[in-house]
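> Protein chains in written order, with my numbering: chain A, 1 to 211; chain B, 212 to 422.
Protein chains: 2
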Amino acid sequence: MSNIKDTKTQKGSNTYNMILRKAVDIASIEGLNGVSIGRLASELNMSKSGLFAHFGSKEQLQSKIIDIAAQIFNEEVIKPAESHQMGLHRLWSLMDNWISYLERKVFPGGCFFSTVTIEYDCKKGELHEKIGKIMSDWRNRIINELNTAKGNKQIIKDADIYKLAFEIISIGMGANWIFNYYNDKEICMQARKSILDLLNAVIIDKSIKLS
Amino acid sequence: MSNIKDTKTQKGSNTYNMILRKAVDIASIEGLNGVSIGRLASELNMSKSGLFAHFGSKEQLQSKIIDIAAQIFNEEVIKPAESHQMGLHRLWSLMDNWISYLERKVFPGGCFFSTVTIEYDCKKGELHEKIGKIMSDWRNRIINELNTAKGNKQIIKDADIYKLAFEIISIGMGANWIFNYYNDKEICMQARKSILDLLNAVIIDKSIKLS
DNA sequence: CCTACCGATCGGTAGG
DNA sequence: CCTACCGATCGGTAGG
Numbered sequence: 001m002s003n004i005k006d007t008k009t010q011k012g013s014n015t016y017n018m019i020l021r022k023a024v025d026i027a028s029i030e031g032l033n034g035v036s037i038g039r040l041a042s043e044l045n046m047s048k049s050g051l052f053a054h055f056g057s058k059e060q061l062q063s064k065i066i067d068i069a070a071q072i073f074n075e076e077v078i079k080p081a082e083s084h085q086m087g088l089h090r091l092w093s094l095m096d097n098w099i100s101y102l103e104r105k106v107f108p109g110g111c112f113f114s115t116v117t118i119e120y121d122c123k124k125g126e127l128h129e130k131i132g133k134i135m136s137d138w139r140n141r142i143i144n145e146l147n148t149a150k151g152n153k154q155i156i157k158d159a160d161i162y163k164l165a166f167e168i169i170s171i172g173m174g175a176n177w178i179f180n181y182y183n184d185k186e187i188c189m190q191a192r193k194s195i196l197d198l199l200n201a202v203i204i205d206k207s208i209k210l211s
Numbered sequence: 212m213s214n215i216k217d218t219k220t221q222k223g224s225n226t227y228n229m230i231l232r233k234a235v236d237i238a239s240i241e242g243l244n245g246v247s248i249g250r251l252a253s254e255l256n257m258s259k260s261g262l263f264a265h266f267g268s269k270e271q272l273q274s275k276i277i278d279i280a281a282q283i284f285n286e287e288v289i290k291p292a293e294s295h296q297m298g299l300h301r302l303w304s305l306m307d308n309w310i311s312y313l314e315r316k317v318f319p320g321g322c323f324f325s326t327v328t329i330e331y332d333c334k335k336g337e338l339h340e341k342i343g344k345i346m347s348d349w350r351n352r353i354i355n356e357l358n359t360a361k362g363n364k365q366i367i368k369d370a371d372i373y374k375l376a377f378e379i380i381s382i383g384m385g386a387n388w389i390f391n392y393y394n395d396k397e398i399c400m401q402a403r404k405s406i407l408d409l410l411n412a413v414i415i416d417k418s419i420k421l422s
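(1) Going by DSSP in three states, B:I329 sits in which element: helix, strand or coil?
(2) State the DSSP-derived secondary structure class of A:I204, mapped to helix, strand or coil.
(3) Answer yes or no: does any C-beta atom of chain A fall closer than 8 angstroms to that of B:K344?
(4) Identify, in the order they occur along the chain, each residue of the same chain with its Cβ nearer than 6 angstroms to the Cβ of B:C322, setting aside the five sequence neighbours on each side.
(5) Can you list, in chain order, the residues of its chain with a C-beta nearer than 8 angstroms to that of A:L44? Leave out the 5 residues immediately preceding and following it.
(6) Put A:I155 into one of helix, strand or coil per three-state DSSP.
(7) Between the beta-carbon of B:V235 and the beta-carbon of B:F318, is there less than 8 angstroms?
(8) Mind checking which residues open and close the alpha helix (DSSP H) that includes B:S304?
(9) Are A:I142 and A:I168 closer than 8 angstroms when you measure CB to CB?
(10) Would you mind working out which of B:G385, B:Q271 and B:S418 sits nearest A:D121, comparing C-alpha positions?
(11) Check the C-beta distance from B:N363 over to B:G298 and give it rounded, since I have them as a contact under 8 angstroms.
(12) Hey, is B:A360 close to the ligand ADP, as in C-beta under 7 angstroms from one of its heavy atoms?
(13) Starting from A:A41, trace the alpha helix (DSSP H) both ways and give me its first and last residue.
(14) Measuring alpha carbon to alpha carbon, tell me which of B:Y227, B:Y312 and B:V288 ends up nearest B:L272.
(15) Is the distance from the Cβ of A:S63 to the Cβ of A:K130 below 8 angstroms?
(16) Residues of chain B with CB under 8 angstroms from A:S114, in chain order?
(17) Between which two residues does the alpha helix (DSSP H) holding A:F73 run?
(18) Answer with yes or no whether the minimum CB distance from A:Q10 to chain B is below 8 angstroms.
(19) What ranges does the beta strand (DSSP E) occupy inside the segment 343-396 of chain B, keeping only unbroken runs of at least 3 residues that lie completely in it?
(20) For A:F107, report the span of its alpha helix (DSSP H) as first-last.
(21) Report yes or no: is there a C-beta of chain B within less than 8 angstroms of the C-beta of A:E129?
(22) Name, please, each residue of chain B whose Cβ falls closer than 8 angstroms to the Cβ of A:M173.
(23) Output yes or no for whether 8 angstroms exceeds the beta carbon distance between A:G132 and A:N180.
(24) Could you confirm whether any beta carbon from chain A is found closer than 8 angstroms to the beta carbon of B:F377?
(25) To be precise: take each residue of the segment 237-264 of chain B, compare its Cβ to all Cβ atoms of chain A, and keep it if any distance is under 9 angstroms. Which residues remain?
(26) Does B:S274 get closer than 8 angstroms to chain A when you measure Cβ to Cβ?
(27) For A:A201, count neighbouring Cβ atoms within 10 angstroms of its own Cβ and tell me buried if that reaches 16, exposed if not.
(28) Alpha carbon to alpha carbon, how far is A:K185 from A:S13?
(29) Whole-angstrom Cβ separation of B:I382 and B:S405, contact assumed at under 8 angstroms?
(30) Could you give the distance in angstroms between the alpha-carbon of A:S42 and the alpha-carbon of A:S49?
(31) Alpha carbon to alpha carbon, how far is A:K58 from A:E30? Give it in angstroms, no decimals.
(32) Which term fits A:Q85, buried or exposed, when burial requires 16 or more other beta carbons within 10 angstroms of its beta carbon?
(33) Shortest alpha-carbon distance to A:L127 belongs to which of A:D137, A:S136 and A:V116?
(34) Nearest chain A C-beta to B:N391 closer than 8 angstroms, yes or no?
(35) Determine whether the beta carbon atoms of A:L210 and A:E145 lie at a separation below 8 angstroms.
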């Protein structure tokens, strides 16, 4: 049933994946608009038109860059958290993985999504919508774990879940910025501590150890 | 003693200021690299070379855009806080003014400095250095007010000033992002509440009213 | 996957 | 402040 074309000509092709892996790294530093087809081709020792043929338009290339970035984010941050029980422990695993993904420099420009969500925050169109949905999904994932934690009586029942999720994500954005801009590695432990303190302020069972 | 040339040909000229006022608005949306001399000239009904002559290079134009953005930031956020007494009250005024500067859309793309500090976080060169210094100054201003508050016994003596400053700035960045991306006006009051809660957690004299 | 192109736009210059 | 221009690069196409 599986179609060879699906795995060979497009998503499975080495060239196709090599292009996107290079492109996502450039985009994490320069933004999605900073990826030019000519530069990408010359860095990969390909002709411009040969590269272009894989995508059909620059916007399609940019859209695929977002897809592969989401895939990498999933592998590096989300999947490893799934071994932890839902609620507080999984939430903490998500955030700890996220900070570790900065430290390990999974993308050379820090968090790909922090870069492009600021780049597209005042723009319109498909790319804005696509990035906006990924960021909403991330925020909802955090809210969801907080709600589970509340249901399980891990955190106090009048904890403001939306406010907490906003604060946690904001600290992530701040840490990404300081880590990249000033090459300040200590900010990562600082951010972990900030997030833990926010959670500890609403934790009921003080025996829960997250760090 | 004052030189007419200083106020007429360059910094005082209407054209020069008009160019920069337009350019800073574009940059707040598109980033500093998204400002092109040709587009800027056509939007202002000028010739490219006529506009170019004011600056000498694109990098000089970008540098002057940063200067005028800092000047506007100073007028809108920093100066109005100076009527409040140093320490907690001035700090709160700074942050309240900052959020209000988002709400009033002083720049159409939200906070100019949030945009360009992410744009330049992994780049090198004069523009990176210049933006980095302005952001450090802002962070140090917050740290300074917190230290004054500690000296005045407004906040507890083992409050972690650097952590608190990091958290406050991060919440600002998060609010700017959500406000711009999702056109979510409520996030501004949410951010005010988050900052107040962070401060209230370390305030000694609970009679201090900030909001 | 390539060579060879296209029109548009980029930053910048010469000369007035 | 302008017209007229420069080489380089942009996204994209024709044809193989």
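Glycine included, C-beta positions come from ideal geometry on N, C-alpha and C.
Looking at the atomic coordinates:
(1) In the second sequence, counting from the first residue as 1, residue 329 of chain B sits at position 118. Correct three-state label for B:I329: helix.
(2) Your numbering for residue 204 of chain A matches position 204 in the first sequence. If DSSP states are grouped into helix, strand and coil, A:I204 belongs with coil.
(3) Counting from one through the second sequence, the residue named residue 344 of chain B turns up at place 133. Put simply, the CB of B:K344 is far from chain A, with every gap to its CB atoms at 8 angstroms or more.
(4) Locating residue 322 of chain B in the second sequence gives position 111, where the first residue counts as 1. Excluding residues within five positions, the ones whose Cβ falls inside 6 angstroms are N387.
(5) By 1-based counting over the first sequence, the position of residue 44 of chain A is 44. So the qualifying residues of the chain are M18, I19, K22 and L51.
(6) Numbered from 1 along the first sequence, position 155 holds the residue referred to as residue 155 of chain A. If DSSP states are grouped into helix, strand and coil, A:I155 belongs with the strands.
(7) Here residue 235 of chain B corresponds to residue number 24 of the second sequence, with the count starting at 1. Here residue 318 of chain B corresponds to residue number 107 of the second sequence, with the count starting at 1. In contact: B:V235 and B:F318 (Cβ atoms closer than 8 angstroms).
(8) Along the second sequence, one-based indexing puts residue 304 of chain B at 93. From DSSP, the alpha helix (DSSP H) with B:S304 extends over L299 to E314.
(9) Reading the first sequence from its first residue, position 142 is the one you call residue 142 of chain A. Reading the first sequence from its first residue, position 168 is the one you call residue 168 of chain A. In this structure, A:I168 lies closer than 8 angstroms to A:I142 by Cβ.
(10) Here residue 121 of chain A is taken as the residue at index 121 of the first sequence, counted from 1. Of B:G385, B:Q271 and B:S418, the residue nearest in Cα terms is B:G385.
(11) Translated into positions along the second sequence, residue 363 of chain B becomes position 152. Translated into positions along the second sequence, residue 298 of chain B becomes position 87. Indeed they touch by this definition, with Cβ atoms about 5 angstroms apart.
(12) Questions concerning the ligand ADP fall outside what the structure shown contains, since it holds no ligand whatsoever.
(13) Indexing the first sequence from 1 puts residue 41 of chain A at position 41. Its alpha helix (DSSP H) spans residues I37 to E43.
(14) Residue mapping note: residue 272 of chain B aligns to position 61 of the second sequence, counting from 1. The shortest Cα separation from B:L272 among B:Y227, B:Y312 and B:V288 belongs to B:Y227.
(15) Looking up residue 63 of chain A in the first sequence gives position 63. Looking up residue 130 of chain A in the first sequence gives position 130. It is a contact, given that the beta carbons lie within the stated cut-off.
(16) For the purposes of this step, residue 114 of chain A is taken as residue 114 along the first sequence, with counting starting at 1. I329, listed in chain order.
(17) As a working note, residue 73 of chain A is residue 73 in the first sequence. Unbroken alpha helix (DSSP H) run through A:F73: K58 to F73.
(18) Position 10 of the first sequence, counted from the first residue, corresponds to residue 10 of chain A. The predicted model places A:Q10 with a pLDDT of 46, which falls under 50 and marks its position as unreliable; any figure quoted below should be read in that light. False, the Cβ-Cβ gap to chain B never drops below 8 angstroms.
(19) none
(20) Along the first sequence, one-based indexing puts residue 107 of chain A at 107. Note, A:F107: premise wrong, no alpha helix (DSSP H); not H, not E.
(21) Locating residue 129 of chain A in the first sequence gives position 129, counting from the first residue. It does not: the Cβ of A:E129 has no partner Cβ on chain B nearer than 8 angstroms.
(22) Taking the first residue of the first sequence as 1, we reach residue 173 of chain A at position 173. Here the neighbours are S381, M384, G385 and W388.
(23) Sequence index remark: in the first sequence, residue 132 of chain A carries index 132 (1-based). Sequence index remark: in the first sequence, residue 180 of chain A carries index 180 (1-based). Not closer than 8 angstroms, so no.
(24) By one-based count along the second sequence, residue 377 of chain B stands at place 166. Yes, B:F377 lies at the interface with chain A (some Cβ there is under 8 angstroms from its Cβ).
(25) S239, I240, E241, G242, N244 and G245
(26) Taking the first residue of the second sequence as position 1, residue 274 of chain B is located at position 63. Closer than 8 angstroms: no.
(27) Mapped onto the first sequence, residue 201 of chain A falls at position 201. Classification of A:A201: exposed, given that the 10 Å Cβ count is below 16.
(28) Translated into the one-based positions of the first sequence, residue 185 of chain A becomes position 185. Translated into the one-based positions of the first sequence, residue 13 of chain A becomes position 13. About 37 angstroms.
(29) Here the question's residue 382 of chain B lines up with position 171 in the second sequence. Here the question's residue 405 of chain B lines up with position 194 in the second sequence. The Cβ separation is near 5 angstroms, so the contact holds.
(30) For the purposes of this step, residue 42 of chain A is taken as residue 42 along the first sequence, with counting starting at 1. For the purposes of this step, residue 49 of chain A is taken as residue 49 along the first sequence, with counting starting at 1. Taking the straight line from one Cα to the other gives about 11 angstroms.
(31) What you label residue 30 of chain A is simply residue 30 of the first sequence in a count that begins at 1. What you label residue 58 of chain A is simply residue 58 of the first sequence in a count that begins at 1. Each residue's Cα considered, the two are about 15 angstroms apart.
(32) Against the first sequence, residue 85 of chain A aligns to sequence position 85. Per the 10 Å Cβ criterion, exposed.
(33) What you label residue 127 of chain A is simply residue 127 of the first sequence in a count that begins at 1. Comparing alpha carbon positions, the residue from A:D137, A:S136 and A:V116 closest to A:L127 is A:V116.
(34) Your numbering for residue 391 of chain B matches position 180 in the second sequence. Chain A, which has a Cβ nearer than 8 angstroms to the Cβ of B:N391, makes this yes.
(35) Locating residue 210 of chain A in the first sequence gives position 210, where the first residue counts as 1. Locating residue 145 of chain A in the first sequence gives position 145, where the first residue counts as 1. Cβ distance not < 8 angstroms, so A:L210 and A:E145 don't count as in contact.
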